[in-house]
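Asks: Residue numbers 32 to 889, in this note's numbering, belong to the letters of the sequence shown in order. The beta-carbon is built from N, C-alpha and C at its ideal position, and this holds for glycine as well. If you're wondering where the values come from, they're calculated on a predicted model, not measured in any experiment.
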Amino acid sequence: MRFLKYFLLTIIAVGMLGVASVAGLYLYVKDELPSVDTLQDVRFQTPMQVYTADGRLMSQFGEQRRIPLTLDEIPQEMIDAILATEDSRFYSHRGVDPIGVMRAFRVLVSTGEIREGASTITMQLARNFFLTRERAWMRKIKEAFIALHIEQLLSKEEILELYLNKLELGHRAFGVGAAAQVYYGRDIHELTLAEIATLAGMPQGPSILNPISNPAASVQRRRIVLTRMLDEGYITRDQFEAATLAPVTARYHTAELELNAPYLAEMVRQEMIERFGLDDAYNGGYKVFTTVNSEVQLAAEDALRENLHAYDERHGYRGPEMRLWGVDPEQYFQAQSSRVQQLPDERTLATMIELGGQAWPDGEIIAYLQRQPRFGRLQHAVVMDVGEQSVTVMLRSGSRTTIAWKNLDWARAYIDAERQGRAPQTAGDILNVGDHIIVRPFDEAYRLAQMPAPSSAIVALNPNNGSIQSIVGGYSFNHSQFNRATQAKRQVGSTIKPFIYAAALDHNFTLATLVNDAPITQWNPGSGSAWRPRNSPEVYDGPIRLREALARSKNVVSVRLIRELGVNETADYLERFGFLANDVQRNESLSLGAASFTPLEMARGFAVFANGGYLVTPHFIDRIEDSDGNIVFQASPTYACARCAAEEAGVEFSNDDDVNAAILSEWSQAPQVIPEQVAYLVAEALQSAIWGGGSWAHQTGWNGTGWRAQSLRNRNLAGKTGTTNDVRDTWFVGFTRGTVAATWVGFDNLEFALGRSSLNSNLGRQRQPIVGSEAGATTALPGWVRYMETALQHVSSPAFALPENMVSVRIDQPSGKLTNRNDHTSMFEYFIRGTEPTDFADSTRRTPEIFEDEERLF
32 MRFLKYFLLT IIAVGMLGVA SVAGLYLYVK DELPSVDTLQ DVRFQTPMQV
82 YTADGRLMSQ FGEQRRIPLT LDEIPQEMID AILATEDSRF YSHRGVDPIG
132 VMRAFRVLVS TGEIREGAST ITMQLARNFF LTRERAWMRK IKEAFIALHI
182 EQLLSKEEIL ELYLNKLELG HRAFGVGAAA QVYYGRDIHE LTLAEIATLA
232 GMPQGPSILN PISNPAASVQ RRRIVLTRML DEGYITRDQF EAATLAPVTA
282 RYHTAELELN APYLAEMVRQ EMIERFGLDD AYNGGYKVFT TVNSEVQLAA
332 EDALRENLHA YDERHGYRGP EMRLWGVDPE QYFQAQSSRV QQLPDERTLA
382 TMIELGGQAW PDGEIIAYLQ RQPRFGRLQH AVVMDVGEQS VTVMLRSGSR
432 TTIAWKNLDW ARAYIDAERQ GRAPQTAGDI LNVGDHIIVR PFDEAYRLAQ
482 MPAPSSAIVA LNPNNGSIQS IVGGYSFNHS QFNRATQAKR QVGSTIKPFI
532 YAAALDHNFT LATLVNDAPI TQWNPGSGSA WRPRNSPEVY DGPIRLREAL
582 ARSKNVVSVR LIRELGVNET ADYLERFGFL ANDVQRNESL SLGAASFTPL
632 EMARGFAVFA NGGYLVTPHF IDRIEDSDGN IVFQASPTYA CARCAAEEAG
682 VEFSNDDDVN AAILSEWSQA PQVIPEQVAY LVAEALQSAI WGGGSWAHQT
732 GWNGTGWRAQ SLRNRNLAGK TGTTNDVRDT WFVGFTRGTV AATWVGFDNL
782 EFALGRSSLN SNLGRQRQPI VGSEAGATTA LPGWVRYMET ALQHVSSPAF
832 ALPENMVSVR IDQPSGKLTN RNDHTSMFEY FIRGTEPTDF ADSTRRTPEI
882 FEDEERLF
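1) By the DSSP assignment, the beta strand (DSSP E) with arginine 654 in it spans what residues?
2) With DSSP as the reference, identify every bridge partner of alanine 412, one or two as the case may be.
3) Go through the segment 323 to 379 residue by residue and report every complete run of the beta strand (DSSP E) that reaches 3 residues or more, in order.
4) Please report the distance separating the alpha-carbon of arginine 268 from that of proline 106.
5) Alpha carbon to alpha carbon, what distance is there between alanine 334 and tryptophan 815?
6) Tell me whether the beta-carbon of serine 285 lies closer than 8 Å to the beta-carbon of tyrosine 215.
7) Opposite valine 417 in the DSSP bridges: which residues?
8) Starting from proline 574, follow its DSSP beta bridges and name the residues at the other end.
9) For the alpha helix (DSSP H) containing valine 816, list its first residue and its last residue.
10) Terminal residues of the continuous beta strand (DSSP E) containing alanine 749?
11) Have a look at the DSSP bridge pairing and note the partners of lysine 197.
12) Would you please state the rounded distance, in angstroms, between the beta carbons of phenylalanine 608 and leucine 577? I believe it to be under 8 Å.
13) Where does threonine 755 land, buried or exposed, given buried means 16+ other C-beta within 10 angstroms?
14) Using C-beta distances below 7 Å, list every residue in its chain close to tyrosine 194, excluding the 5 sequence neighbours before and after it, in chain order.
15) Here's a check: name, in chain order, each residue in its chain whose Cβ is nearer than 7 Å to the Cβ of threonine 552, leaving out the five neighbours to either side.
16) Write down every uninterrupted run of the alpha helix (DSSP H) in the segment 216 to 283 whose length is 4 residues or greater and which is fully enclosed by it, in chain order.
17) Over the uninterrupted alpha helix (DSSP H) stretch that includes serine 589, give me the two end residues.
18) Where do the ends of the alpha helix (DSSP H) carrying isoleucine 527 lie?
19) Taking C-beta to C-beta, are valine 503 and valine 464 nearer than 8 Å?
20) Would you call the segment 417 to 435 and the segment 393 to 404 touching, i.e. three or more CB-CB distances under 8 Å?
21) State the Cα-Cα distance for the pair glycine 143 and aspartate 376, rounded to the nearest angstrom.
22) Taking the beta carbon of isoleucine 437 as the centre, do at least 16 other beta carbons fall within 10 Å, making it buried, or is it exposed?
23) How long is the line joining the alpha carbons of alanine 740 and glutamine 718, rounded to whole angstroms?
24) Please name the residue in Arg635, Tyr670 and Glu707 whose C-alpha comes closest to that of glycine 643.
25) Looking only at DSSP bridge pairs, what is serine 719 linked to?
26) Evaluate glutamate 917 with the Cβ neighbour count: other Cβ atoms within 10 Å of its Cβ, from every protein chain shown; 16 or more gives buried, anything less gives exposed.
27) Buried or exposed: where does arginine 864 fall if 16 or more other Cβ atoms within 10 Å of its Cβ makes it buried?
28) Taking the Cβ atom as the reference point for each residue, do valine 256 and alanine 228 lie within a distance shorter than 8 Å?
29) Tell me leucine 88's beta-bridge partners as DSSP assigns them.
30) Cα-Cα, which of Val713, Ser658 and Gln665 is closest to tyrosine 317?
31) Pick helix, strand or coil for methionine 858, following the three-state DSSP scheme.
32) Straight-line CA distance for threonine 736 to arginine 635?
33) Near glutamate 883, which residues of its chain fall below 7 Å by C-beta distance, leaving aside the five closest residues on each side in sequence?
34) What does DSSP give as the partner residue(s) for lysine 437 in the beta ladder?
35) Span of the alpha helix (DSSP H) holding tyrosine 477?
36) Just to check my reading of the structure: alanine 412 and glutamate 263 have Cβ atoms closer than 8 Å, yes? What is that Cβ distance to the nearest angstrom?
Next up, the structure:
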């Protein structure tokens, strides 16, 4: 009895000592323990996602990849695997597992080392949120106290949900939802038992148990997880055997983008950082919905690239990127050193020297190709065999494909910007075995290609509210992140003319007013030289109506108009279209397009003609949602008219002023910058730039500069070509009631060697001329047409509505006066009421003389 008494006293003393020790430890670390109240309202760091208007993911920004899931959204097999492996008594303890602690203590006593941490899921959650992974007693003590506190605040289900979403699982994947996408490219509900067990085995060592970097260790860990699941009764023996023998299928998956629109995505990124700051923008879980439609955006990307390739092929092939074998390496290296291009990298050069001009093994070729940068749809390849009229190439995947003659025969040798060599007769005239070349997918095959020398941009917006419908800032964002659609101010050439004509029409000119299309020479005593603006082509037709002069882009007519209106008055008028005052030159060269604007600024300016005279504000974000799906921003664009707002809102439009006022009470009215009648007349004239002058055009031989757009078979198209005097920039800006799109093609303002440009080179592209027969109509317009083939399917393009206070009268085309004739020499023309002609044309026809006396005809 005495022994029993001492034994009980000892137990009580040890117990009291234990309680006192725990209390002492708590008091010791109390001030260092973090508050866990934040777990009740935790916000995971979730990347920002950018979507198209039709809900397709185009980009993702953020350091961590995370897909937060509720416990109901996580498969039971995943929950079972985690519980069996990490904490089988999770539902029976209060944050600290006494059995686990005793087991870890026994191991410590027997080995003298901390081999088991006895960490429960709650303790791991405490560490993941508040502590480090340092293996130290004090950290374990803090971990236990925090776990006990967490269990008092949260339910078991809440703890498990936080844990499964917080887990770090390698490759920047946090949480089981993101890990399923990163390793298998599928939703977590689509994973097999073997794949679930692989992920469940990773929390203890995301780097060493990774199925990508260490598949052998991952397989062993997977077996342990499956064994624990079998022991706990979560799976059957058959399931265990099948999952244990399953192959490793994991590979790294980037975010599954449904559309690649990097220039637009970068615009969104910058806008979000300005709104929310870098950290919150990247990790706040925002979903940004843009205004672009995915199909239309893809059409813009395709149109820009194919148009640049068409230009490049017209000017010849600049040769392969590099000759890998078939040459003396040292002599070849010296020859390359004398050329302005990137030299072979060290590994490539070493291989060339080692093999001494001999053919490379397949493994070396594949390794070389995989080191090359990727731009757009261009792919690197090495020529393996040259036939009579075909070549066989190896791609970076190691596969081989044959390029047929129809995809090679364009490659005349590039001599300079205006000359090419003779047409090749055989494939050997173009390429040799061992050549590193560029190819691109083309009509379900591959076509010989090269990085296009010029650059380009396309931007389209809704003229009724300014929402951007598509935007492409260059051939490849990887090659150049400079967004030419929004950042490149380029000389606009003849696309300035509609704005000058609008100023004239707003000052009592009409589309039937005759202006003398005759050469101008202006002597400048100060410089001792003469200014001679010329038409392109240099054809002068004498007195010509404004409609025809704009459609045929007569330069000297624009000069005469700006002289009549006044330079300053014209410049002031141009500012109405949203152009910055500093960008509008105040001299007569303004009439020829010497001013420089971005493609987006040009699209916005032309939108005024498309919408009846209103200046809308471009925008590309429709709405922003937070991580809970709440809308934190909704675009409130200005609308050109009540009808436009009603159409966008899906509300039936009424002619009742009160109803219209109610509609516009929710949407702001865009400022009206020019009269509706002037906008209509310019749009009418710009339709002639595409469709010409009807029967009179057939008789007299004139057509509009944009006639290639007739292939779209849409009579409501209007537009204007643009080519600068030195032919360095080419444009086409065109529109309907539902869209306005601007296309620019030119060279970047960087140093450029005319001899050769390469994907691998560090060359820029000089602001050199678009030469030969190239101009806005032949260089920029084809890309616009290709884009509009798709864009017109997504917008309405009714005829431009005739405004009030307009009349239409029959005029004599040569003179612009009234006529009673109804043959090909006459046409109906529109006038603002009160400006229509009152005189009839002389019934005697004669060829108009060219008046040089500007007093008689300016």
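Replies: Reading it off the structure:
1) 652 to 656
2) Leu426 and Ile468
3) none
4) 20 Å
5) 7 Å
6) Looking at the sequence provided, one finds threonine at residue 285 rather than serine. No, these two residues do not count as a Cβ contact at 8 Å.
7) Val422
8) Asn547
9) 812 to 822
10) 749 to 754
11) DSSP output for lysine 197 lists no bridge partner at all.
12) Not quite, the Cβ-Cβ distance comes to about 19 Å (not below 8 Å), so this is no contact.
13) buried
14) Ile152, Gln155 and Leu156
15) Ala561 and Arg563
16) 224 to 231, 246 to 262 and 268 to 275
17) 586 to 596
18) From DSSP, isoleucine 527 is part of no alpha helix (DSSP H); its letter is neither H nor E.
19) no
20) yes
21) The predicted model places glycine 143 with a pLDDT of 49, which falls under 50 and marks its position as unreliable, so this point remains unresolved.
22) In the sequence under discussion, the amino acid at residue 437 is lysine, which differs from the isoleucine named in the question. By the 10 Å Cβ count, lysine 437 comes out exposed.
23) 10 Å
24) Glu707
25) Per DSSP, none; premise fails for serine 719.
26) Nothing about residue 917 can be reported from this structure: the residues present for the chain run from 32 to 889 only.
27) exposed
28) yes
29) Tyr82
30) Ser658
31) strand
32) 22 Å
33) Its pLDDT being 40, under 50, glutamate 883 is placed unreliably in this model, and the value from its coordinates should be taken loosely. Cβ neighbours of glutamate 883 beyond the five flanking positions: Ala549.
34) Answer is none; lysine 437 lacks a bridge partner.
35) No alpha helix (DSSP H) holds tyrosine 477; the beta strand (DSSP E) holding it covers 476 to 480.
36) Not really, about 54 Å apart at Cβ, beyond 8 Å.
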